[in-house]
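Q:
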Amino acid sequence: MSEVFFGASVLRKEDEALLRGKGKFVDDVKMPGMLHAAFVRSSVAHAKIRRFNKQAALDLPGVHAVITHEDLPEPMRSRHLPLYVPNPHMKQVFMPSVLVKEETVFVGETLAIVVADSRYIAEDAAALVIVDYEDLPAVVDPRAAIVVNSPLAQATAGDNIIAQVPIHFGDTDAAFLKAAHVFSESFFMHRGGPFFMECRGVVAQWDDATQKLMMFASSQGSHRFKRAFIDLCDFDESQVQVITNDVGGGFGPKGSFYVEYAATAAASMILGRPVKWIEDRRENFTATQQERDQYWDMEVAVDDSGKLLGLRGRLVHDAGAYVTWGLVLPWIAATSVIGPYVLPAYHLELIVAMTNKVTCSPVRGAGRPQGCFVMERMMDRIARELQIDRAEVRRRNFIQPNQMPYNVGLTFRDGKPAIYDSGDYPKSQQIALDYFDYAGFEERRKAALRGGRYIGIGISNAVEGTGLGPYEGATIRISTSGKIVVYTGATPQGQSHQTTLAQIAADHLGVSYDDIRVVTGDTSSIPFGMGTFASRTAVNAGSSVHLASIEVANKVKKLASELLEVSPDDLVLKDGGVEVLGVPEMRKSLRELAHISSGMYGFSMKGDRDPGLEATSYFKPEQSTYANSCHVAEVEVDIETGHVKVTRVLVNHDCGRVINPMIVEGQIVGGVAHGIGNALFEQLLFDENGQPLTTSFAEYLIPMATDMPKVDVIHTETPSPLNPIGVKGAGEGGTIAVIAAIVSAIENALIPFDVTLATMPVTPEQIVLLTRNKTSFVAASKRYKTHG
Amino acid sequence: MSETRTITVELNGRSYTRTIPTRLLLADFLRHEIDLTGTHVGCEHGVCGACTVLVNGTSARSCLMFAVQADGQNITTIEGLAEVNGSLSVLQQCFHEHHALQCGFCTPGILMTLTEHLRDNPEPDEVELRTLLTGNLCRCTGYQAIVKAGLEAARCMREQGGLK
Ligand code: FES
Ligand code: FES
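See the structure below:
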C-alpha cells in the first residue's frame, strides 16, 4: 500500500452540503404529527418545590401536556441519570432525576416539560405554569462551600464535599526542606462554557406498535445517549436508535446526557407523537453544562539554578449541583500540572465542592489549561525571582527525549499511570522560539516602551493526554454496488471525520477518499461506540479504520486470488478493483467481488469463505498517548483602557503523524480562539444568590474576528508508538497552552508596573487597577533598568 | 396571539404565498414554513449572525424580523447562492478550498454577510473583512480561514471581471 491520502491536505467531504445550506442539523428534522416542547425552569438556585399550578398553561389552545416528575413513566420516574464515570474517591453522588422531584438545586433546572403544537405556544404555556417555591440558602462560592457549617447545596447531603483526595508522588516535605527558594501563589482560574453555535436539541419518536424509541440528537456520542435511555427505561438494545447527523459544535458539554432528552422522550411516549425540543440561547447559558471555577493555592520549591524540586498545594474545584462527570475534570487538571517538566515531588490536596450552579462538564481542554497555567505561571515566577530568562528556566527543567517513555508518577484520568510515550520538548520550544524571533523581542519591547507602547511576549508548554479509551470501532463494508462505507460510533461536531477516516481507508482499498462514505453517530450502524470527545477519534476510530481496512483488503485479495489463480501477494488494490501487479488486464472489480462474496441463493458457499467483504475492528488503546505543544504569544496592552490586543500567536504542535495538515491547522487555530476567549473575555458570573448574570452573547463575550491575531501553526511529528498509525489527538492542543502564554505576555508587557498575574481571564478592569499605581511604576522601572 | 396574515415573498427567485401567524419570525418562516433549513438560528437575540439573509440585497438578521415584514420583499438565503448552473459560487468554492468551515453552523450567515460586502466592495483588505465579520460569531475556526477565503474570493471575482 502506498500512502496517497494519509498525510495530504485534501479538501473536506463535509463541505458541499453545508455550503449549500443542505446540512442536516437536529432542528432541520421534521416528522409527521410532530409536537414541540419547552421547559419550565427553576428561577431560583435552591428551593423545595411545594406544588405546581398547571391549569392556565393547560387551558391555552394548542397545548397538549404539561408534564412534571409525577407524570413520568416508570421506571424513568424513580431513576436518576446514570453516572458513567464513578470514582472510588467520591464520598457522595448526586445525579439529577428526569424533571425535579422536590428539590431544585440551580437556576435553569428542568421542572416541567410543556408540549404544544408549536414552539411559540409551548413557550407561552411554560411561562403560565406557576411554581410554588420554598427558598433554601444557595451555595455559590466553592471555597465557602467547604467550610464547616456552610449551608448545604443539596438538602440531604452530609456536607458540600464530593471528594477530598491527595494526589501525590515523591517526598514533597523533603523537597521543600532542601529548597534554595520557595515561591507561593494563589490562582483563580475560570473557564466559561462551550458556547457552540448550535444549541442543544432532540427529536424523540416513540412508536407504540413496535415499542421502539428513535431519537435525533445534537450530540458528541450517540451510543452513550442510547445507553442512558436503556438504563433509564430498562429497554433492550433493539428498542433504541439514536441518530446524530450534523452537529454545530460540541466542545465537551454536548457529550453529556441531559435530563431534557429523557423528558422529551417521555413526552413522546405519553402523547404517542414525535416531540422536538430545541434549546434557546438563554437556556444554553443556564442549563448546558459549563467548566467554571478552580482555586489553586500553590507553593513551588526550586534549587539555586531554578530546577524544580517540588510542588504542593490545594485545589478547590467547583463541580456545580450534580456530578455527571465524576472527578474527571479536576483530575485531569491535577495531573496535567506536570507538563513537559521533570518534577521530583508533588502533593496536591484536591477538594471537589458542590454548589448551586449548573453541573460542570469538561470543555475543550478539559482542565488541562488550568494545570498548564499553574506550572507555566510558576515557571515565569521562578525566572523573575532568580533573574533567569523565561525560556532558559523551562530548558533547565524539560524532560529530555532520551527519558521517553517517561513515567510521571501519577494515575491519569484513563486509570493508567501517566507515562509519556513520545515527544521532544526541548526541541519543540526551540523551534517555536526561533520561528518567533524570541531572542530579538527584548529589543523590540524596549523600543516600544520608549514610544509609550506596552508590548509583551509569553511562552507556554503543555503535554496533553489524548486518544483516551476504552475503544472506538469501525465497520467497513463493500456493498454489492461496489460502494464502500465506513461505519463508526465516533460522532463529529466539525472535526471532519468523514474526510480523515476516508483518507485512512482509501489508501488500503485503492480508491479515492471521495469514493468512501463515512457514516457516524448512528447507533443502528455499529453496535458499540463512545463518541467524539477528549481528542480521541483519530487515535481510536482512526486506528480501527486502519485495521478494518487491512482486513477488508486482505479478504478482497484472498477472493481475487482464488478467482484469478494467483498468489494474494501478487495482487494490488487499485482504482476500485484488484489486479495482478504488472498485469492490469487480470483484474476484478470490487463490485464483482462483493457479489461473489455474498454467495448465490441456495448454493453452497465455496471454500472457507465468510460471506461479504466487510470487517469490524475495535481499537482499544493500552493507555493515552501524549501530544505536546509550545505556544508563543505576543500582546500589546493599553494601560489607559486595560485593553489587550493579542498581536501574534505561534503554535508548534506535535500530534504525531498528521492525517490532514489543513484540518489539523483548522483545529489548532480554532482552539487558540477558544483559549483567547478564556484568557481575556469569557466569564460566567453569578450573584450571591446563585442567579446567573451572563445569559446572552451581549453579556458573555466570545472572541470575534477582530480579537484574533495571526496564528501560525508548525506541525512537528513525533509518531506515537501506541497505535498502528502513529497519531495523537489534535482537537484540544490549540487551546491548552495559549491561555498561559497570553497571560505571561501581558505580565511581560507590564514589567514597568511590576505586576503579577495569577488569574484567568485577565480583565481590562484588573489591568487598569494594577497599572494605576504609579509608585510601583517608578520603583519597578528602576528595578527594571538595573536588571534590564 | 393567533392572528394570521397572508404574505407573499420572493425567495431565491421563486414566489411563495403563505398564511402565517403575525408573530412568526422570518427565520422560523424560512426554516419551518418553507423548509429552507439552510438559514440557521444561533442565538435568537441578534448577536451571532447565523440567521443573516439578504432582504432586497441588504443583509438582515432573520431572527430579529417578523415574516410579515418580508411581505412583498425579495429574500436571498444560502440556498440561493450557487450559480445558475448549480456549481458553487466563487465565495462558496473559496470557503471549501480554504477550510473556512468546520461544523458549518455559522457558515450560512457568514456567506450572506460576505456575499453582500464583496458585491459592493470588490477590493477589501483584511482589517475591513475582520471588522465586517464582528457581526458573525464562529466558535470553531478562529476566523483565520474565513478571512482568507473572503480575500481570495474577492481576488477571484476581480479576475473574472465583475460580479454576477
Ligand atoms: S440567530 Fe439571529 S443573530 Fe443569532
Ligand atoms: S464553523 Fe462551527 S461555528 Fe463556525
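Residue numbers (the working numbering), protein chains in the order written: chain F, 1 to 788; chain R, 1 to 164.
A virtual CB, placed ideally from N, CA and C, is assigned to each residue, including glycine.
Predicted model, so just to flag it, every value in this text is computed and none were measured.
1) Would the segment 554–565 of chain F and the segment 681–699 of chain F be scored as touching if the rule is three or more Cβ pairs under 8 Å?
2) Quick one: which residues of the segment 652–673 of chain F get their C-beta closer than 9 Å to a C-beta of chain R? List them in chain order.
3) Listed by chain order, which residues have C-beta atoms less than 6 Å from any heavy atom of ligand 1?
4) Out of F:T288, F:L386 and F:P166, point me to the one whose CA is closest to P692 (chain F)'s CA.
5) Evaluate N660 (chain F) with the Cβ neighbour count: other Cβ atoms within 10 Å of its Cβ, from every protein chain shown; 16 or more gives buried, anything less gives exposed.
6) Kindly say whether A92 (chain R), judged by its beta-carbon, lies nearer than 8 Å to any beta-carbon of chain F.
7) Given this structure, state the Cα-to-Cα distance separating A439 (chain F) from R390 (chain F), to the nearest angstrom.
8) From what residue to what residue does the alpha helix (DSSP H) around W790 (chain F) run?
9) Pairs of beta-carbons, one from the segment 577–595 of chain F and one from the segment 439–459 of chain F, closer than 8 Å: are there three or more?
10) DSSP state of C678 (chain F), grouped into three classes?
11) Are the C-beta of Q493 (chain F) and some C-beta of chain R separated by less than 8 Å?
12) Between the alpha carbons of H347 (chain F) and G510 (chain F), how many angstroms are there, rounded?
13) Is C199 (chain F) near ligand 2, in the sense that its beta carbon is under 7 Å from a heavy atom of that ligand?
14) Decide if H787 (chain F) is buried, meaning its Cβ has at least 16 other Cβ atoms within 10 Å, or exposed.
15) Ligand 2 and G494 (chain F): does any heavy atom of the ligand fall closer than 7 Å to the residue's C-beta?
16) Less than 8 Å between the CB atoms is what I'm expecting for A179 (chain F) and V337 (chain F), so what's the real figure, rounded?
17) State yes or no: is the beta carbon of M708 (chain F) nearer than 8 Å to at least one beta carbon in chain R?
18) Looking at C-alpha atoms only, which residue of F:A266, F:R200 and F:Q400 is the closest neighbour of E70 (chain F)?
19) Going by DSSP, name the residue or residues bridged to P794 (chain F).
20) Since V275 (chain F) contacts V115 (chain F) with CB under 8 Å, what's their CB separation in whole angstroms?
21) How many angstroms separate the CA atom of H168 (chain F) from the CA atom of L757 (chain F)?
22) Quick check on the DSSP output: the alpha helix (DSSP H) that includes Q55 (chain F) runs from which residue to which?
23) Near V328 (chain F), what residues of its chain come up, given a Cβ to Cβ distance below 7 Å and the 5 sequence neighbours on each side ignored?
24) Around the C-beta of V147 (chain R), are 16 or more other C-beta atoms found within 10 angstroms, so that it is buried, or is it exposed?
25) So which residues on chain A does R23 (chain R) lean against when the C-beta distance must stay under 8 Å?
26) For I34 (chain R), go through chain F and note every residue whose CB falls closer than 9 Å to its CB, in chain order.
27) Between the segment 395–408 of chain F and the segment 417–424 of chain F, can you find at least three pairs of beta-carbon atoms closer than 8 Å?
28) Does the Cβ of C94 (chain R) lie closer than 7 Å to at least one heavy atom of ligand 3?
29) Rounded to the nearest angstrom, what separates M605 (chain F) and L468 (chain F) at their Cα positions?
30) Within its chain, find whatever has a CB closer than 6 Å to the CB of P724 (chain F); leave out the 5 residues flanking it on each side and keep chain order.
31) For the alpha helix (DSSP H) holding Y435 (chain F), just list the boundary residues, first then last.
32) Just verifying my parser: in three-state terms, what is the DSSP assignment at Q241 (chain F)?
33) Flag G104 (chain R) as yes when its Cβ comes closer than 7 Å to any non-hydrogen atom of ligand 2, and as no otherwise.
34) Tell me whether L232 (chain F) is buried or exposed, calling it buried when 16 or more other Cβ atoms sit within 10 Å of its Cβ.
35) Does ligand 2 have even one heavy atom less than 7 Å from the beta-carbon of L101 (chain R)?
36) Do T735 (chain F) and G201 (chain F) come within 8 Å of each other at the CB atom, strictly closer than that value?
A: According to the structure data:
1) no
2) M662, I663, E665, G666, Q667, I668, V669, G670, G671, V672 and A673
3) R:V41, R:G42, R:C43, R:E44, R:G46, R:V47, R:C48, R:G49, R:A50, R:C51, R:R61 and R:C63
4) F:T288
5) buried
6) The sequence given here has Gln at residue 92 (chain R), not Ala. Q92 (chain R) counts as touching chain F.
7) 11 Å
8) Here chain F has residues from 1 to 788 only, and residue 790 (chain F) is not among them.
9) Segment contact: the segment 577–595 of chain F against the segment 439–459 of chain F, fewer than three CB-CB distances shorter than 8 Å; contact not assigned.
10) Reading off the sequence, residue 678 (chain F) comes out as Asn, not Cys. DSSP places N678 (chain F) in helix when its eight states are reduced to three.
11) Taking a beta-carbon distance threshold of 8 Å, Q493 (chain F) counts as an interface residue toward chain R.
12) 53 Å
13) no
14) In this prediction, H787 (chain F) scores a pLDDT of 38, lower than 50, which makes its location untrustworthy; the coordinate-derived value is nonetheless stated afterwards. So H787 (chain F) ends up on the exposed side.
15) Within the cutoff, so yes.
16) Incorrect: roughly 18 Å between the Cβ atoms, too far for contact.
17) yes
18) Nearest option by C-alpha distance: F:A266.
19) Any property of residue 794 (chain F) remains undetermined from this structure, which presents chain F solely from 1 to 788.
20) 6 Å
21) 26 Å
22) Element bounds for Q55 (chain F): Q55 to D59.
23) V85, P362 and R413
24) buried
25) You won't find chain A in this structure, because its protein chains are F and R.
26) Those do not exist, as I34 (chain R) stays about 12 Å from chain F at its closest Cβ, beyond 9 Å.
27) Short answer: they touch.
28) Absence of ligand 3 from the depicted structure is noted, with ligand 1 and ligand 2 being the only ligands included.
29) 41 Å
30) S543 and H546
31) Y425 to F436
32) strand
33) yes
34) buried
35) yes
36) no
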